[in-house]
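In my numbering, the protein residues as written are 31 to 125. Backbone N, C-alpha and C define an ideal beta-carbon position, used for all residues, glycine too. Read the structure below first, then the notes.
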Ligand SMILES: [Zn+2]
């Protein structure tokens, strides 16, 4: 079954990310599908985390006060974006 929302191949997704944010991964921003919080690669670095987690983990897992600890790889998939079938958070470009 094809999921609703956006489906990218890994290559398409990386191209899209680069189009939106450029080469600096600390400037990439993703939105948690559960709480809507937006976090950047820099936010993950600041929290002492691997910035690679930014597209699959809510920053609330790593900082207090967000009230959310969602992860895209958990039991339930509520993500609207999938890359090669894997759920990821959606891009959150600066308006
Ligand atoms: Zn969240």
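Is the beta carbon of residue 86 within less than 7 angstroms of some heavy atom of ligand 1? On the chain shown, residue 86 is found 56 positions in, with the first residue counted as 1. Not under cutoff, so the answer is no.
Are residue 90 and residue 96 touching if we call contact CB-CB under 8 angstroms? Taking the first residue of the chain shown as position 1, residue 90 is located at position 60. Taking the first residue of the chain shown as position 1, residue 96 is located at position 66. Yes, the Cβ-Cβ distance between residue 90 and residue 96 is below 8 angstroms.
Cα-Cα separation, residue 99 to residue 87: Along the chain shown, one-based indexing puts residue 99 at 69. Along the chain shown, one-based indexing puts residue 87 at 57. Cα-Cα distance, rounded: 7 angstroms.
Let me check understanding here. Comparing Cα to Cα, which of 66, 62, 81, 65 lies closest to residue 54? Position 24 of the chain shown, counted from the first residue, corresponds to residue 54. Comparing Cα positions, the closest option is 81.
Contact test: residue 65 Cβ vs ligand 1 heavy atom, cutoff 7 angstroms: Residue numbering aside, residue 65 sits at position 35 when the chain shown is read from its first letter. Flag set: Cβ of residue 65 near ligand 1.
Enumerated in chain order, which unbroken segments of the alpha helix (DSSP H) with a length of 4 residues or greater are wholly contained in the region 37-69? 40-51
The alpha helix (DSSP H) enclosing residue 72, as first and last residue numbers: Here residue 72 corresponds to residue number 42 of the chain shown, with the count starting at 1. That run of the alpha helix (DSSP H) goes 71-76.
Extent of the continuous beta strand (DSSP E) run through residue 113: Locating residue 113 in the chain shown gives position 83, where the first residue counts as 1. Where residue 113 is concerned, the enclosing beta strand (DSSP E) stretches over 111-113.
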